[in-house]
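Following the UniProt record's numbering, the numbering of the sequence shown begins with 1 at its first residue and continues without gaps. Cβ coordinates follow ideal geometry from the N, Cα and C atoms, glycine included. A short worksheet on the structure shown next.
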Amino acid sequence: MLIRGVHTAAWFSIESCVGYLLWAGATGRSDRRAGVAAAVVAGECLVFAADGFRCPLTGLAERAGATSGSVTDIYLPAWFARNLPAIHVPLLVLIGWFHRRTLHRRRVQRREASGPAIQRGRRGAPALAAP
């Protein structure tokens with residue numbers, strides 16, 4: 001029961017980070033909070049991959065006496081818990097696309113803002129300002 005509760009709390013915090021990353025990316029807000037959330041999600045992905053794409057709490061649950069050792073029985077519908085990795089891969093790709101788009105737009109805006117100063121000539125035509 002304790003492992004299940006810890007796993008549910010960890011899942012909820014990681015899912016909150018995924019939700020924030022989706023919202024921040026969709027609204028063009030790649031900020032420090034998004035960086036922290038991305039670090040949490042990336043850390044979870046690395047831990048999951050390093051453990052052979054198996055939740056590291058599975059072994060702990062088995063040692064504690066769980067019959068199947070699976071901790072996907074957190075307080076979620078069984079089909080959802082079973083398919084979490086397949087659901088998250090497209091979400092992670094979408095998050096990456098959102099934030100890459102936002103960062104690219106910012107880079108272009110900065111480049112345009114730091115370009116040569118434009119002054120208007122006598123007839124309203126743009127003319128490059130003298131340095």
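Is it buried or exposed, Trp97, if we count other Cβ atoms within 10 angstroms and call 16 or more buried?
The residue you call residue 97 lines up with position 97 of the sequence shown. With fewer than 16 Cβ atoms within 10 Å of its Cβ, Trp97 is classed as exposed.
Cβ pair count under 8 Å reaching 3, the segment 27-35 against the segment 50-67:
no
Comparing C-alpha positions only, which one of Gly28, Leu76, Arg4 and Ala42 sits nearest to Leu103?
By 1-based counting over the sequence shown, the position of residue 103 is 103. Cα-wise, what sits closest to Leu103 is Gly28.
Near Ser24, which residues of its chain fall below 6 Å by C-beta distance, leaving aside the five closest residues on each side in sequence?
Taking the first residue of the sequence shown as position 1, residue 24 is located at position 24. Note that residue 24 is Ala in the sequence shown, not Ser. The residues are Ala34.
Should Val93 be labelled buried (16 or more other beta-carbon atoms within 10 Å of its own) or exposed?
Here residue 93 refers to the residue found at position 93 of the sequence shown. Counting Cβ neighbours within 10 Å, Val93 comes out exposed, since fewer than 16 surround it.
Which of the three DSSP states is assigned to Ser30 in this structure?
In the sequence shown, the residue the question calls residue 30 occupies position 30. Coil.
Ignoring anything shorter than 3 residues, give me the beta strand (DSSP E) runs that lie fully in the segment 57-111, in order along the chain.
none
Below 7 Å CB to CB, which residues in the same chain sit around Val47 once its five sequence neighbours on both sides are set aside?
Walking along the sequence shown from the start, residue 47 turns up at place 47. Taken in chain order, the residues that qualify are Pro56.
Where Ser114 falls: helix, strand or coil (DSSP)
Within the sequence shown, numbered from 1, the residue matching residue 114 stands at position 114. Coil, per DSSP.
Hey, Cys17 and Ala49 are a contact pair by Cβ (cut 8 Å); roughly how many whole angstroms apart?
Taking the first residue of the sequence shown as 1, we reach residue 17 at position 17. Taking the first residue of the sequence shown as 1, we reach residue 49 at position 49. Not a contact, Cβ separation roughly 17 Å.
Backbone secondary structure at Gly35 - three-state DSSP:
Within the sequence shown, numbered from 1, the residue matching residue 35 stands at position 35. Three-state DSSP puts Gly35 in a helix.
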